[in-house]
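Here is the structure we will look at, set down as structure tokens.
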Amino acid sequence: GATIGLRIERAGAAVFVGETSTREMKRTVAELGGYLGRYNAFPAGVFLMTGTGLVPPDDFTLQPGDDVQITIGGIGMLRNLVLGG
Numbered sequence: 858g859a860t861i862g863l864r865i866e867r868a869g870a871a872v873f874v875g876e877t878s879t880r881e882m883k884r885t886v887a888e889l890g891g892y893l894g895r896y897n898a899f900p901a902g903v904f905l906m907t908g909t910g911l912v913p914p915d916d917f918t919l920q921p922g923d924d925v926q927i928t929i930g931g932i933g934m935l936r937n938l939v940l941g942g
């Protein structure tokens, strides 16, 4: 399975770091893809979003300027900067 990592940095320091694997998923990616395509056609393709399975503690809150990085082994990194609301 692929390793999935979540890292949240604030002012250059890690305030949350977690890691899991696709092996921890209740359903396989192939099984989820089968459900997705069962009643829907996607001639131009589709993205299957599963979430990370990594959740910071209840008292954790994102703040403006936080750098949220999600990495998936063999795929790459999704990186988002939190803006003020």
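For the sequence shown, the positions run 858 to 942 when my numbering is used. By construction, the Cβ of each residue, glycine as well, lies at the ideal position given by its N, Cα and C atoms. Just so it is clear, the structure is predicted and the values come from calculations on it, not from any experiment.
Would you give the residue range spanned by the alpha helix (DSSP H) that V874 belongs to? Translated into the one-based positions of the sequence shown, residue 874 becomes position 17. Boundaries around V874 are those of the beta strand (DSSP E), 870-878, since no alpha helix (DSSP H) includes it.
Pull up the DSSP beta-bridge partners for T928, would you. For the purposes of this step, residue 928 is taken as residue 71 along the sequence shown, with counting starting at 1. Its beta-bridge partners are G862, M934.
DSSP beta-bridge partners of R867: Translated into positions along the sequence shown, residue 867 becomes position 10. Residue pairing of R867 in beta bridges, as defined by DSSP: A870.
Would you mind stating whether I861 and I929 have Cβ atoms separated by less than 9 Å? On the sequence shown, residue 861 is found 4 positions in, with the first residue counted as 1. On the sequence shown, residue 929 is found 72 positions in, with the first residue counted as 1. Contact annotation: I861 and I929 have beta-carbon atoms nearer than 9 Å.
Measure the beta-carbon distance from F941 to R867 and round it to whole angstroms, keeping in mind my assumption that it falls under 8 Å. Residue 941 sits at position 84 when you count from the first residue of the sequence shown. Residue 867 sits at position 10 when you count from the first residue of the sequence shown. One point to set straight first is that residue 941 is Gly, not Phe, in the sequence displayed. Contact between G941 and R867 is ruled out by a C-beta separation of about 14 Å, above the 8 Å threshold.
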